Amino acid sequence: MLRGTAVGALALPVLAACGSDGGSGGGDGSGGTDGAAGGSGGSAGDTLVPTSDVPVDGGTILPDQQVVVTQPSDGDFKAFTAICTHQGCIVASVSGGTINCDCHGSKFSIEDGSVVNGPATAPLDAVEIAVKGDEVTRA
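All letters in the sequence shown, in the order written, are residues -16 to -1, 1 to 123 by mature numbering (1 follows the signal peptide of the UniProt record, and there is no 0).
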């Protein structure tokens, strides 16, 4: 009996840790991730990435800035928060025209951040950007 209780007690913090990502990522203005989601995680003019680092029909994830920059077609750059709207994980990859979250399998369009495959039901928030020469910057 004691052994089962000990295992249960150890499992509870692990489960709580998994759940806490969703709680802190979905906070209304109190979490650190919400600044990036609203596009205000950096200052206007801050360089995000060189344009050459963003493949056509793909994208580049910038985990430190919590932004993903995509290039759906040649010279057409878009940016979105890199925080999955399902439970607050940072998205993991960009391929096949989608931004992919490995936590639970959500996929978002590189064109507009809309949900392509759930469990997420809300799109990724757009981040305002500008292309200045050969750099993508915050607008």
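Even glycine gets a Cβ: it sits at the ideal position worked out from N, Cα and C.
Treat the numbers as computed from the prediction; the structure is a model and nothing was measured.
Open item on the list: DSSP three-state label for Asp60, please.
Closed with: Taking the first residue of the sequence shown as 1, we reach residue 60 at position 76. Asp60 carries a strand assignment under DSSP once its states are collapsed to helix, strand and coil.
Open item on the list: Taking the beta carbon of Thr31 as the centre, do at least 16 other beta carbons fall within 10 Å, making it buried, or is it exposed?
Closed with: Your numbering for residue 31 matches position 47 in the sequence shown. Exposed, because fewer than 16 other Cβ atoms sit within 10 Å of the Cβ of Thr31.
Open item on the list: Here's the rule I'm using: 16 or more other beta-carbon atoms within 10 Å means buried, otherwise exposed. How should Asp12 be labelled?
Closed with: As a first step, residue 12 must be located in the sequence shown, where it is residue number 28. Low confidence applies to Asp12: its pLDDT is 33, below 50, so where it sits in the model is not reliable, and the reading given next is rough at best. Around the beta carbon of Asp12, fewer than 16 other beta carbons lie within 10 angstroms, which makes this residue exposed.
Task: Thr69 in three-state terms, based on DSSP - done: Along the sequence shown, read from residue 1 onward, the residue named residue 69 stands at position 85. Thr69: coil per DSSP, three-state reduction.
Task: Outcome for Ala66 when other beta-carbon atoms lying within 10 angstroms are tallied against a minimum of 16 - done: One-based indexing of the sequence shown puts residue 66 at position 82. Classification for Ala66: buried.
Open item on the list: Given this structure, state the Cα-to-Cα distance separating residue 124 from Asp118, to the nearest angstrom.
Closed with: Only positions -16 to 123 of the chain appear in the structure, and residue 124 is not among them; the question remains open.
Task: Under 8 Å between C-beta atoms of Cys85 and Val99 - done: Position 101 of the sequence shown, counted from the start, is the residue given in the question as residue 85. Position 115 of the sequence shown, counted from the start, is the residue given in the question as residue 99. Pairing Cys85 with Val99 gives a Cβ-Cβ distance that is not under 8 Å.
TODO: To the nearest angstrom, report how far apart Gly29 and Val115 are at their CA atoms.
DONE: Counted from its first residue, the sequence shown places residue 29 at position 45. Counted from its first residue, the sequence shown places residue 115 at position 131. Approximately 10 Å, taken between the alpha carbons.
Open item on the list: Please state the DSSP three-state secondary structure of Ser77.
Closed with: Here residue 77 is taken as the residue at index 93 of the sequence shown, counted from 1. DSSP places Ser77 within a strand segment (E or B) once states are collapsed to three.
Task: Option nearest Ala110 by Cα separation, candidates Glu95, Ala104, Pro103 and Thr82 - done: For the purposes of this step, residue 110 is identified with residue 126 of the sequence shown, where counting begins at 1. Taking Ala110 as reference, the option from Glu95, Ala104, Pro103 and Thr82 with the minimal CA-CA separation is Glu95.
Open item on the list: Going by beta-carbon coordinates alone, are Thr82 and Ala104 separated by less than 8 Å?
Closed with: Residue mapping note: residue 82 aligns to position 98 of the sequence shown, counting from 1. Residue mapping note: residue 104 aligns to position 120 of the sequence shown, counting from 1. Cβ atoms of Thr82 and Ala104: not closer than 8 Å.
Open item on the list: Considering only DSSP beta bridges, list what Gly31 is partnered with.
Closed with: Counting from one through the sequence shown, the residue named residue 31 turns up at place 47. Residue identity check: residue 31 is Thr in the sequence provided, not Gly. Answer is Thr121, bridged to Thr31.
Task: Distance between beta carbons of Gly43 and Val52, contact taken as under 8 Å - done: Within the sequence shown, residue 52 is the residue found at index 68, counting from 1. Within the sequence shown, residue 43 is the residue found at index 59, counting from 1. That pair is a contact at about 5 Å.
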